[in-house]
Each structure stands twice: as structure tokens, then as C-alpha cells.
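When the sequence shown is numbered by the UniProt record's numbering, its final residue is 196 and no position is left out of the sequence of numbers.
Glycine residues also receive a C-beta, built at the ideal position from the N, C-alpha and C atoms.
Comments concern the structure below.
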Amino acid sequence: MPSPLDQHALDQLFNDARTHSYWQDKPLEEGILEQLYALTALGPTSANCSPGRFVFVTSQEGKEKLKPALSSGNLEKTMTAPVTVIVAHDMAFYEQLPQLFPHADARSWFTGSPELARETAFRNSSLEAGYLILAARALGLDAGPMSGFDPSKINEAFFADSSWQVNMLINLGYGNHEKLHPRLPRLPFEQACKLA
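Structural data, given as C-alpha cells:
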């Protein structure tokens, strides 16, 4: 049976972890993105459908492709981040289900229902984005997830000839902890939760 994580681990993943907008000029170690994906891929998705697809934008050329799609408030933090992850979902994720979920004909659940496929792809790629943030924190990185972009421009620039569609962006690197804003409040249990 698993044991609870110690306080240091909980602090790194949650209590002390913050959304970052300012970055140290420090490159990521070689191989860390592969390690990051390997951890992210272990997170559960419905029927192991794993629709999340990840474009790690690391080059100046890639950043320039991304730039026209960004809102003004996300421009500087994205251009200065060592890596920006375009978290996408594959609208044809179900083509991989014979490999990923061999217990049943799960592919057929989605081929006749584009709406179910879209909803499943979006929901589960959002889950995978959350796993990526926690995996990044576990590896000692900081993250800055974002909305605030034009999805049609990102889809055109990066996914024009594929079945992938953007879900969200996540900046990654080593954050500048001296430029953090105070943590914003969270809703208390009594306001956000119910027992049923």
C-alpha cells in the first residue's frame, strides 16, 4: 500500500509551487523533456485513450511561429520561457485504442460519434496537462499554464496537416522566484465541496 508523501514532496508539488511568468536564464538539462513525458504518460485516462499530444517549443523559430497567436499578456513570459509546451489532443486518438486498450473494441465507441470523441479528447488531454504540470514540479521545474491565445492560429501554424488541435499552453523552465506575485486566495472546502 502506498505511503503518503512527506511534507517536502507535498510542498514541492502543491504548497510552495506557483504559476510562473518570469524565468531564469537557465537551460533545461538534456533528456528532461523525455523524462517529463514518460511521467506524464503514466497518468490515467479513460480507457487508457491517451489523446494528449505535446509540442515542446524550444527554438527561436518555433517561438516566432507561436508569437502571432499569443495575447499581449502572454507574449513576454512565453518568449522568455526556455520551453513552451503546446498541449494538444488528437481528434483521431481512437485509432491507437487497439494498442492502448486491447481488452475491448474501444475504437468503435468513438468512430460513430464525433461529439463523444471530441469531448473525450479534450477532457483527457486536459487531465494529461495537469499530470505534466505535476511531473514538471516533481522534476524540479516550474510551470506557467495559460489560456490567452488564438487556437485557430496555433492549429494552422503547427497542426495544419494533422488531426491534432491545441488545448492549452504551458511555459516551463526554472522560474524567477523573486518576481512572484502573492498567492491568490482559494475557495475553502465548505464553499467548494459537498458531501453526498
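Asked	Found
So, under 8 Å CB-CB, D142 and G173 are touching, yes? Tell me the CB distance rounded to an integer number of Å.	6 Å
Could you tell me the alpha carbon to alpha carbon distance between Q35 and F54, rounded to whole angstroms?	13 Å
If you run the structure through DSSP and keep just helix, strand and coil, what is A88?	strand
Cβ atoms of A81 and W23: under 8 Å apart, would you say?	yes
Restricting to runs no shorter than 3 residues, where is the beta strand (DSSP E) found entirely within the UniProt domain "Nitroreductase" (19-174)?	52-57, 83-90, 142-146, 164-173
Return the CA-CA distance between G130 and P44, expressed in angstroms with no decimal places.	11 Å
Taking the C-alpha atoms as reference points, what is the distance between H20 and Q99?	37 Å
Does the stretch 152-162 come close enough to the stretch 122-136 that 3 or more CB-CB pairs lie under 8 Å?	no
Between the alpha carbons of F158 and E61, how many angstroms are there, rounded?	12 Å
Pick out whichever of E119, G112, E64 has its Cα sitting closest to the Cα of E76.	E64
What would DSSP say about D11, mapped onto helix, strand or coil?	helix
Suppose you measure from the CA of A104 to the CA of L97; what does that come to, to the nearest Å?	9 Å
For H181, name the three-state secondary structure that DSSP assigns.	coil
Got a sec? Which residues, its chain only, sit under 6 Å from A92 by beta carbon, not counting five neighbours each side?	S163
How would you write the range of the alpha helix (DSSP H) that A192 sits in, first residue to last?	189-192
Please report the straight-line C-alpha distance between S71 and I170, rounded to a whole angstrom.	14 Å
Return the CA-CA distance between L42 and P145, expressed in angstroms with no decimal places.	20 Å
Hey, T78 and L66 are a contact pair by Cβ (cut 8 Å); roughly how many whole angstroms apart?	7 Å
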